[in-house]
Amino acid sequence: MLGLILAQEILSPQALSVLGAGLAIGLGALGPGIGIGLLASGALQAIGRNPEATPQIQLNMILAIAFAEAIAIYALVVALLLKFVA
Amino acid sequence: MLGLILAQEILSPQALSVLGAGLAIGLGALGPGIGIGLLASGALQAIGRNPEATPQIQLNMILAIAFAEAIAIYALVVALLLKFVA
Amino acid sequence: MLGLILAQEILSPQALSVLGAGLAIGLGALGPGIGIGLLASGALQAIGRNPEATPQIQLNMILAIAFAEAIAIYALVVALLLKFVA
Amino acid sequence: MLGLILAQEILSPQALSVLGAGLAIGLGALGPGIGIGLLASGALQAIGRNPEATPQIQLNMILAIAFAEAIAIYALVVALLLKFVA
Amino acid sequence: MLGLILAQEILSPQALSVLGAGLAIGLGALGPGIGIGLLASGALQAIGRNPEATPQIQLNMILAIAFAEAIAIYALVVALLLKFVA
Chain A
1 MLGLILAQEI LSPQALSVLG AGLAIGLGAL GPGIGIGLLA SGALQAIGRN PEATPQIQLN
61 MILAIAFAEA IAIYALVVAL LLKFVA
Chain B
1 MLGLILAQEI LSPQALSVLG AGLAIGLGAL GPGIGIGLLA SGALQAIGRN PEATPQIQLN
61 MILAIAFAEA IAIYALVVAL LLKFVA
Chain C
1 MLGLILAQEI LSPQALSVLG AGLAIGLGAL GPGIGIGLLA SGALQAIGRN PEATPQIQLN
61 MILAIAFAEA IAIYALVVAL LLKFVA
Chain D
1 MLGLILAQEI LSPQALSVLG AGLAIGLGAL GPGIGIGLLA SGALQAIGRN PEATPQIQLN
61 MILAIAFAEA IAIYALVVAL LLKFVA
Chain E
1 MLGLILAQEI LSPQALSVLG AGLAIGLGAL GPGIGIGLLA SGALQAIGRN PEATPQIQLN
61 MILAIAFAEA IAIYALVVAL LLKFVA
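So the protein sequences, as listed, match chains A, B, C, D and E. Every letter in the first sequence is one number past the one before it in the UniProt record's numbering, and letter 61, counting from 1, is 61. Every letter in the second sequence is one number past the one before it in the UniProt record's numbering, and letter 74, counting from 1, is 74. Every letter in the third sequence is one number past the one before it in the UniProt record's numbering, and letter 20, counting from 1, is 20. Every letter in the fourth sequence is one number past the one before it in the UniProt record's numbering, and letter 4, counting from 1, is 4. Every letter in the fifth sequence is one number past the one before it in the UniProt record's numbering, and letter 10, counting from 1, is 10.
See the structure below:
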C-alpha cells in the first residue's frame, strides 16, 4: 500500500512536471550556451584579425547574442511554467 | 487503487505517445538547427571573402537550408502524428 | 487490475525492446550523420581549393563515407534485431 | 508484495536522487570538458603560430580554464548534494 | 500478480544495472570517439601542410590518442563492472 502511495506521488502529473522543468532548462540551456560560445569566438577572432572593425563586430555580436539568449529564456519560461503553473 | 489508476493513465499508450512526441520534435530540431547554423556560417564567411560570388553562394545556401529544414519537418510530422493520430 | 495489465504490457521485455530499437537507430544515426557531414565538408573545401585533385579526394571521401555509413548500418542491424528477434 | 517493496525502494526520493546525482555529474562534466578542449586547442594553435606570445596566451588560457572548470565544480557540488543531503 | 512479478524483474537492481551498463558504454564511447576524430583530423592536416614533421606529429598523435582511448576504457570497465559484479 505504501508502494502504491509512493508511486502515486512520484508518477503524479505534478511530480513529472518537475522532471520536465529540469529537462527543459537543462537541455534548453545547452544550445544557446554553445551558440554564444561559437559566435563570441568568431567575434573575438575577427577583432584580433582586424582591431579597427571592433565597433561593427561588437554591435553585431551583441545582436546575435540577444537572439541566442532569447532561446535560453524561452526554455526558462517553459521550465518556470512547468514548475509553478498547475 | 488510486495509484493503479494513476499508473494506468501515465503508462497508457496515449500518455507515452505525448512523451514520444516531445522527444521527437525536441531531438529532431537539434540536428537541423545546428546544421543550418553551420552551413549559413560557411555561406556568410564565403560572402565575406568574395562578395562578388554572393548570388551563387546564396542560391546554394538556400538549397542546402531546404534539405536541412526538411529533416526538421520530418520530426514535426512524426511529433504531430504521435500526438493526434491514435 | 487493469493498471497491472497495462504495466505488464508496457514493461514487458517485448515492449521495452521497441524502446531500445528506437534509441538504437536514433542515437546510432547521430554520429555517422555528423561524421559524414564533417568529412564531406572537408572534401568539398579541398576540391574548392585544388580542383585538379578531385579524383583522389573523391576516392578517399567515398572510402571514409563507407566506414561511417557502416557504423550507421550497425545501429540499423541492432535496431532491427531488437524489433524482430524475440 | 515484494514487487511493491522493490518499486518503493527504486522509486523512493532517495533512490531517484542517486540517479539525479549521476545525471548531474555525467551531463555537467560534458560541457566543461569539451569547452576546455576547445579553448586549449585555440591556445596551443596560437602558441604554435606565435611562440613569443606564450606568456599572455598561457595567462588567458588558465583564466578561461578556471571559469570552465568552475562549471564542472557546480555540477560536482549538485551531484554530491543530491547524493549526501537528504 | 504477474504484473508485479514483471515489474519486480524489470525494476530490480540487477535489471537496472544492465540498463546502466548500456548507458555507460554508449555515452562513454561518444566523447573519446569524437575526440580521437578531432585530434587525428588535426594531425592529418598538419602532416598535409608539413610532411617533414610527420615523425613528431605521429608521436604526439599516438600519445593523445592513448589518453582519449583510456577514457573509453574507463567507460568499458564501468560497464563490465555494472554487468558482471553484483
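Every residue gets a Cβ at the ideal spot worked out from N, C-alpha and C, and that includes glycine.
Distance, residue j Cα to residue i Cα
| i | j | result |
| --- | --- | --- |
| G26 of chain D | L23 of chain B | 20 angstroms |
| I36 of chain A | L19 of chain E | 35 angstroms |
| L44 of chain D | A70 of chain A | 33 angstroms |
| L16 of chain E | P51 of chain D | 52 angstroms |
| F67 of chain E | L30 of chain E | 15 angstroms |
| I34 of chain B | I62 of chain E | 31 angstroms |
| V85 of chain C | V85 of chain E | 28 angstroms |
| A72 of chain B | P32 of chain E | 28 angstroms |
| V77 of chain D | S41 of chain A | 29 angstroms |
Spatial neighbours of residue i in its chain, beta-carbon cut-off 6 angstroms, leaving aside the 5 residues before and after
| i | result |
| --- | --- |
| M1 of chain B | Its pLDDT being 46, under 50, M1 of chain B is placed unreliably by the model, and the measurement read from it follows with that caveat. Nothing meets the Cβ criterion. |
| A46 of chain B | I57 |
Local Cβ density within 10 Å of residue i, reported as buried at 16 or more and exposed below that
| i | result |
| --- | --- |
| L59 of chain E | exposed |
| L81 of chain E | exposed |
| G48 of chain A | exposed |
| I57 of chain B | buried |
| A53 of chain E | exposed |
| P13 of chain C | exposed |
Contacts around residue i, its chain only, beta-carbon distance under 7 angstroms, and the 5 residues preceding and following it disregarded
| i | result |
| --- | --- |
| A64 of chain B | L39 |
| residue 120 of chain B | Lying before the first or after the last residue shown, residue 120 of chain B is absent from chain B, which here runs from 1 to 86. |
| P55 of chain E | none |
| A75 of chain A | A24, I25, G28 and A29 |
Any non-hydrogen atom of the ligand NAP within 6 angstroms of residue i CB
| i | result |
| --- | --- |
| A24 of chain C | You won't find the ligand NAP in this model; it holds no ligand whatsoever. |
Proximity test, Cβ basis, 7 angstroms: residue i and chain G
| i | result |
| --- | --- |
| L80 of chain C | Among the chains of the structure shown, chain G does not appear; the protein chains present are A, B, C, D and E. |
Discussion item. Quick check for students: name the residue ranges of the alpha helix (DSSP H) that lie wholly in the UniProt domain "V-ATPase proteolipid subunit C-like" (19 to 82) of chain B, counting only runs of 4 or more.
Written reply: 30 to 49
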